[in-house]
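**Student:** Input: one structure, supplied below.
Residue numbers (this note's numbering), protein chains in the order written: chain A, 717 to 1280; chain B, 9 to 684.
Printed below as a string of structure tokens:
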């Protein structure tokens, strides 16, 4: 059997993640994202490559979405409602709950603010979500008779998972985005030691090794504290989901410790609703939060309250979370216009801003004046602090995961081309694993081996499990390093004894392994015994009885002498 | 495979318990406590004549004590009630098995155990710690003789064999240790026990986190079917699709059995006592009070969940309306119901009813674990029914109690004497508080307060002998509403369910055989089990599936047996067991490359043997043995060395001094005789 892997998106780039994998006649689409950087046809994966006729229902077995970020789910309503895919779609409970919020938010921005033609409507999002089957962590789902999928915790955002898929003996993992270190509200990615033919992993930070997160958190808190103690206002433009909660936990905790009374505001209703989701999905957050929520739910922020528009120009210090994250418009822009001219104020920026946004302008260089449009200009005198938290794993995390899983092949996606090439080299040289970094619309073919299924008789099984102390001690050091290696020791029972039997292969029947005695019985024949007498034949003729005692062994290498 | 039923249990709070022996491992299915037996102890303050005035002990499954704990490989827990006896097992230093339960079951079960310990503490305070070693006073024969017959039977069982099942309660530390040994699983997560048995839990619909298990060994696929409910208003529905196609079903839903026998007892034993219930019979329908809802008129209704669920909702509304009646008369309502789902639904419906009737009555929930339990139920969307999950996706709270708590309509207190509670207390009110046995917890004190007030109402669950439970609270003027809730598969649905699941073999309780006539047909047969009788289950497959690793398959040197139209090959390898599947892989030892044959059959043809020898440069002559018949001959070899082959139908002896020569003769022989 072979695995065919068609990369429709996130090949040597970040954005519109979409990989179509064919294993043993099954075809799975992992993620169905959009590219935020394009506004033309390039924003969606080239679905025509899946099926030229557009009959996606027969071309795909299922779609699996790893998490709710738009570059992983953004094209889904378009694909189901406009392109007409009707088959099964899988995502986790939090993803199913939060993805429509993200999609609707995006749709509004595109249609209402930028005045673009609508790619999909609100109803499309609702209808699309109705088709989704929910997954729980580690739930093993039998999609059909042959295809089995399972989700593992990925830690990247709430509900993010890595997906294990198996057809017959062929198995693979698609990581989606993941984080190997726990953060304030999510745990680290967790996966079993699986036997894999293929691992498809993200490689956003293919060459970066990050330092401790605590230093960066301290820096952030210091900047915020300095600003508010000087009577300034802090604007934190963020995504409504994920980063906002993490920073909120951080600030709420700090306020508690430092006994600060300055208000922390949340701008949009969206974020309040998101917090409510976080409360219900406590089971998907980090262990620490899970252990304590009965007494106090971490997402019941003590110091956080909703923001009212009239407070924009109120006097006195405050901290405000506002969407969208890159100050590309909306409320965060509105507030930015008011607060930017004062040098007392502080604006924090996320780690990554798309070109063209104000966030991007602020990051590149230190502008004192920003031209919003022909007539509007903003004086920027406020402080700028750049956040460098990222919920992606770094290069060490990727290498650790690849080494841990030790798949037979690795495909890198979701990264920048030169960095991916470096990582690919490292995986091949340091771990000795075949690695690929295909570009968009390229196909990678991987051949896999398959075990043969045979039947064994009870007697044969019994002869295998026969406990032979001698053979156990003798062969203990030569543990096989066959594909099991040191994998999941608890799930593997190894018999040190070498089993021996006879395999019978008949036409149109499953091959069957039997013991020698059984074999003779099934053939209805008697064993023909061969003996050796190492003596002079003439003497033997006369005194046959006495010569029996000197019967010997077959004089070859004598490896299996017990028969005589 | 062997099955021993250790206990048939008794309804929702006391699930059945079995020992399953499979693949050489012993699996204990459930480890419950019979908390209804608490009825023999007097509550505090003890005023009841006849009841045992002592610190309660707890009744475990008697037959379980006959099994060596060190030989129990694993414990499977399906419901929170099925784990209440676990700390007794885990605190034994001999026990080293694994325990599996779903995450939600483990959580709820732990809270229930902690609550039990907290409530028991009141007895410890009252009687002082149990310091004397050995058996307590009440267990002495002379004391037992004094007990009324009904109580004595609860204590000793029919033949006295259950006296050994009583244990002093575990401690909080025991619970902690137990929980550390427990491995919680997600919905439909595959876990592998000892590399051999794959376990998977699927929702049974009975309660949040309750499950049925599939137990897949290398030779059998088993469904362990516990009490299941097709459609629920709170928990995820009975998910039976994944159970389809398993070879064997262990049918362990004995819920209809327990409701049946209790009904019989009621008719037999209660006539000479004053009936304390139904003081206000005209108020509500007599047949609805103390009525078993699972009765015969249900027969004939087709399989399908909605009707059952609607009926359950009707029961809840009925209870609510009874409570409302009491409240309107100025009485309070006491709800010591132990079923989480019922409590959650009652909370929702009661609050709506209060709202619509403009009644401002506080709802108190008094339990040490109430806060954590309610918080937990709002954070397990994965284990809730479809309608609740829809709420999640619509961005609403999963249960109504979230809002009630925010609006301060529902007030939670850990203890009855919490200072805040005294400040907030007002009557009439609605109180949810444990324990359903009416022997432990805040309910005892509230019952002491309200038992003589005919305006008040207490809700008692089916499965509780209401008469015995209320005995210490004379005189009983309080209204008693006893209601049964659906706690398993109805008998008439068993057959259609089994037809759908298509097993080859069903292990069915003997005691339900009469109620549920199931006949063997060509595809499915039945074996009946009874308590404490080991049932041997014959194997279904004669052969075992094994995977042959590719590298080993390439080492094979098959040989054709043309006349039999088959190929055979000698196979040597190491057998591995991985995730319940056997795999043969090449062993590290160098593969034997010689053409040596080890097994021969049939006989060698004299002429062909002679030819074969000649090809190898060995010259000899055939000598037939005249004394015997049938292929007995010898070949006298003269060149290059003297040797002799003596052969008959089943045996050949090679006489030769030189080992190399002997090997050559053997090779020649092998080439003309069938062998492998």
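Backbone N, C-alpha and C define an ideal beta-carbon position, used for all residues, glycine too.
Nearest to residue 149 of chain B by alpha carbon, out of B:137, B:559, B:570, B:163?
**Tutor:** By 1-based counting over the second chain, the position of residue 149 of chain B is 141. Closest by alpha carbon: B:163.
**Student:** Measuring alpha carbon to alpha carbon, tell me which residue in B:184, B:525, B:221 is nearest residue 83 of chain B.
**Tutor:** On the second chain, residue 83 of chain B is found 75 positions in, with the first residue counted as 1. The option with the nearest alpha carbon to residue 83 of chain B is B:221.
**Student:** Would you kindly check if the distance between the Cβ of residue 1157 of chain A and the Cβ of residue 762 of chain A is under 8 Å?
**Tutor:** In the first chain, residue 762 of chain A corresponds to position 46, counting from 1. In the first chain, residue 1157 of chain A corresponds to position 441, counting from 1. Their beta carbons are under 8 Å apart, which means residue 762 of chain A touches residue 1157 of chain A by this criterion.
**Student:** So, is the C-beta of residue 1239 of chain A closer than 8 Å to a C-beta in chain B?
**Tutor:** Locating residue 1239 of chain A in the first chain gives position 523, where the first residue counts as 1. So, interface residue.
**Student:** Within 8 Å (strictly less), CB to CB, does residue 768 of chain A reach chain B?
**Tutor:** Residue numbering aside, residue 768 of chain A sits at position 52 when the first chain is read from its first letter. So no, residue 768 of chain A is outside the interface.
**Student:** Go through its chain and collect everything with a Cβ distance to residue 816 of chain A's Cβ below 8 Å, but skip five positions before and after it.
**Tutor:** Position 100 of the first chain holds residue 816 of chain A. 841, 842, 845, listed in sequence order.
**Student:** How would you label residue 464 of chain B, buried or exposed, when you count the other beta carbons within 10 angstroms and need 16 or more for buried?
**Tutor:** Within the second chain, numbered from 1, the residue matching residue 464 of chain B stands at position 456. Buried is the call here.
**Student:** Rounding to the nearest angstrom, what Cα-Cα distance links residue 848 of chain A and residue 395 of chain B in this structure?
**Tutor:** What you label residue 848 of chain A is simply residue 132 of the first chain in a count that begins at 1. What you label residue 395 of chain B is simply residue 387 of the second chain in a count that begins at 1. Taking the straight line joining both Cα atoms gives about 15 Å.
**Student:** Please report the Cβ distance between residue 213 of chain B and residue 234 of chain B, rounded to the nearest whole angstrom; I am assuming they are in contact, meaning their Cβ atoms lie under 8 Å.
**Tutor:** Numbered from 1 along the second chain, position 205 holds the residue referred to as residue 213 of chain B. Numbered from 1 along the second chain, position 226 holds the residue referred to as residue 234 of chain B. Not quite, the Cβ-Cβ distance comes to about 10 Å (not below 8 Å), so this is no contact.
**Student:** Return the Cβ separation of residue 588 of chain B and residue 204 of chain B in integer angstroms, given the expectation that the two are a contact with Cβ distance under 8 Å.
**Tutor:** By one-based count along the second chain, residue 588 of chain B stands at place 580. By one-based count along the second chain, residue 204 of chain B stands at place 196. Indeed they touch by this definition, with Cβ atoms about 6 Å apart.
**Student:** What would DSSP say about residue 188 of chain B, mapped onto helix, strand or coil?
**Tutor:** What you label residue 188 of chain B is simply residue 180 of the second chain in a count that begins at 1. Three-state result, residue 188 of chain B: helix.
**Student:** What are the start and end residues of each continuous alpha helix (DSSP H) run of 4 or more residues lying completely inside the region 138–207 of chain B, in chain order?
**Tutor:** Complete alpha helix (DSSP H) runs here, min 4: 149–154, 157–164, 180–189.
**Student:** Using the three-state DSSP reduction, which class does residue 280 of chain B fall into: helix, strand or coil?
**Tutor:** Your numbering for residue 280 of chain B matches position 272 in the second chain. Low local confidence applies: a pLDDT of 32 at residue 280 of chain B is under 50, so the model's placement there is unreliable, with the coordinate-based value given in what follows. Coil, per DSSP.
**Student:** Along the chain, which unbroken stretches of the alpha helix (DSSP H) at least 4 residues long are found entirely within the region 970–1010 of chain A?
**Tutor:** Complete alpha helix (DSSP H) runs here, min 4: 985–996, 1003–1008.
**Student:** Can you tell me whether DSSP reads residue 731 of chain A as helix, strand or coil?
**Tutor:** Locating residue 731 of chain A in the first chain gives position 15, counting from the first residue. DSSP places residue 731 of chain A in coil when its eight states are reduced to three.
**Student:** Residue 46 of chain B and residue 537 of chain B: beta carbons closer than 8 Å?
**Tutor:** Numbered from 1 along the second chain, position 38 holds the residue referred to as residue 46 of chain B. Numbered from 1 along the second chain, position 529 holds the residue referred to as residue 537 of chain B. Not in contact: residue 46 of chain B and residue 537 of chain B (Cβ atoms no closer than 8 Å).
**Student:** So if DSSP puts residue 738 of chain A in a beta bridge, which residue, or which two residues, is it bridged to?
**Tutor:** To locate residue 738 of chain A, count along the first chain from 1; it is residue 22. Answer is A:720, A:743, bridged to residue 738 of chain A.
**Student:** Does the region 341–353 of chain B come close enough to the region 422–430 of chain B that 3 or more CB-CB pairs lie under 8 Å?
**Tutor:** The region 422–430 of chain B vs the region 341–353 of chain B: no contact.
**Student:** Between residue 1124 of chain A and residue 827 of chain A, what straight-line distance do the alpha-carbon atoms span, to the nearest angstrom?
**Tutor:** Along the first chain, read from residue 1 onward, the residue named residue 1124 of chain A stands at position 408. Along the first chain, read from residue 1 onward, the residue named residue 827 of chain A stands at position 111. Rounded to whole angstroms, residue 1124 of chain A to residue 827 of chain A spans 45 Å at the Cα level.
**Student:** Below 7 Å on C-beta distance, what does residue 1242 of chain A contact in chain B?
**Tutor:** Along the first chain, one-based indexing puts residue 1242 of chain A at 526. What residue 1242 of chain A touches in chain B: 609, 658.
**Student:** Within the region 867–925 of chain A, note down every full beta strand (DSSP E) run reaching 3 residues or more, in order along the chain.
**Tutor:** 877–883, 886–890, 914–919, all fully within the region 867–925 of chain A.
**Student:** Against residue 244 of chain B, what residues of chain A qualify as contacts under a CB-to-CB distance less than 8 Å, listed in chain order?
**Tutor:** Here residue 244 of chain B refers to the residue found at position 236 when the second chain is read from its first residue. Under the 8 Å cutoff, chain A gives no residues; its nearest Cβ is about 10 Å from residue 244 of chain B.
**Student:** Taking Cβ-Cβ distances below 8 Å as the criterion, which residues of the region 372–394 of chain B are in contact with chain A?
**Tutor:** Within the region 372–394 of chain B, the qualifying residues are 379, 380, 383, 384, 386, 387, 388, 389, 390.
**Student:** Select from the region 792–818 of chain A all residues with a C-beta closer than 7 Å to any C-beta belonging to chain B, and list them in chain order.
**Tutor:** Within the region 792–818 of chain A, the residues whose Cβ lies closer than 7 Å to some Cβ of chain B are 809, 812, 813, listed in chain order.
**Student:** Classify residue 1281 of chain A as helix, strand or coil using the three-state DSSP reduction.
**Tutor:** No answer is possible for residue 1281 of chain A: it lies beyond the span of chain A, which begins at 717 and ends at 1280.
**Student:** Which of the residues in the region 850–861 of chain A, read from start to end, lie with their CB under 8 Å from any CB of chain B?
**Tutor:** Here the close residues are 850, 852, 853, 854, 855, 856, 857, 858.
**Student:** Buried or exposed for residue 737 of chain A, going by 16 or more other Cβ atoms inside 10 Å?
**Tutor:** As a working note, residue 737 of chain A is residue 21 in the first chain. Residue 737 of chain A comes out buried.
**Student:** Applying the 10 Å Cβ sphere with the 16-neighbour rule, what's the burial state of residue 1012 of chain A?
**Tutor:** For the purposes of this step, residue 1012 of chain A is taken as the residue at position 296 of the first chain. With fewer than 16 Cβ atoms within 10 Å of its Cβ, residue 1012 of chain A is classed as exposed.
**Student:** Rank B:322, B:229, B:581 by C-alpha distance to the C-alpha of residue 564 of chain B and give the top, closest one.
**Tutor:** Sequence index remark: in the second chain, residue 564 of chain B carries index 556 (1-based). When only C-alpha atoms are compared, the closest one is B:581.
**Student:** Can you pull the chain B residues whose beta carbon is under 8 Å from the beta carbon of residue 1180 of chain A, in chain order?
**Tutor:** On the first chain, position 464 is the one that residue 1180 of chain A refers to. In chain order: 583.
**Student:** Taking buried to mean at least 16 other C-beta atoms within 10 Å of its own C-beta, is residue 1227 of chain A buried or exposed?
**Tutor:** Residue mapping note: residue 1227 of chain A aligns to position 511 of the first chain, counting from 1. Buried is the call here.
**Student:** Rounded to whole angstroms, what's the CA-CA distance from residue 1040 of chain A to residue 746 of chain A? Just pull it up for me.
**Tutor:** Indexing the first chain from 1 puts residue 1040 of chain A at position 324. Indexing the first chain from 1 puts residue 746 of chain A at position 30. Cα-Cα distance, rounded: 27 Å.
**Student:** Residues in the same chain with beta-carbon distance under 6 Å from residue 717 of chain A, minus the five sequence neighbours each way, listed in chain order, please.
**Tutor:** Start at 1 with the first residue of the first chain, and residue 717 of chain A comes out as number 1. Excluding sequence neighbours, residue 717 of chain A sits near 740, 886, 1164, 1166.
**Student:** Which of the three DSSP states, helix, strand or coil, is assigned to residue 811 of chain A?
**Tutor:** The sequence position of residue 811 of chain A within the first chain is 95, counting from 1. Note: residue 811 of chain A maps to helix in three-state DSSP.
**Student:** Work out the CA separation of residue 32 of chain B and residue 608 of chain B for me, nearest whole Å.
**Tutor:** In the second chain, the residue the question calls residue 608 of chain B occupies position 600. In the second chain, the residue the question calls residue 32 of chain B occupies position 24. Going from the Cα of residue 608 of chain B to the Cα of residue 32 of chain B covers about 35 Å.
**Student:** Could you name the residues of chain B that residue 1249 of chain A contacts, counting a contact when the two beta carbons are closer than 8 Å?
**Tutor:** Within the first chain, numbered from 1, the residue matching residue 1249 of chain A stands at position 533. Going along chain B in sequence order, the residues near residue 1249 of chain A (Cβ under 8 Å) are 661, 662, 663, 664.
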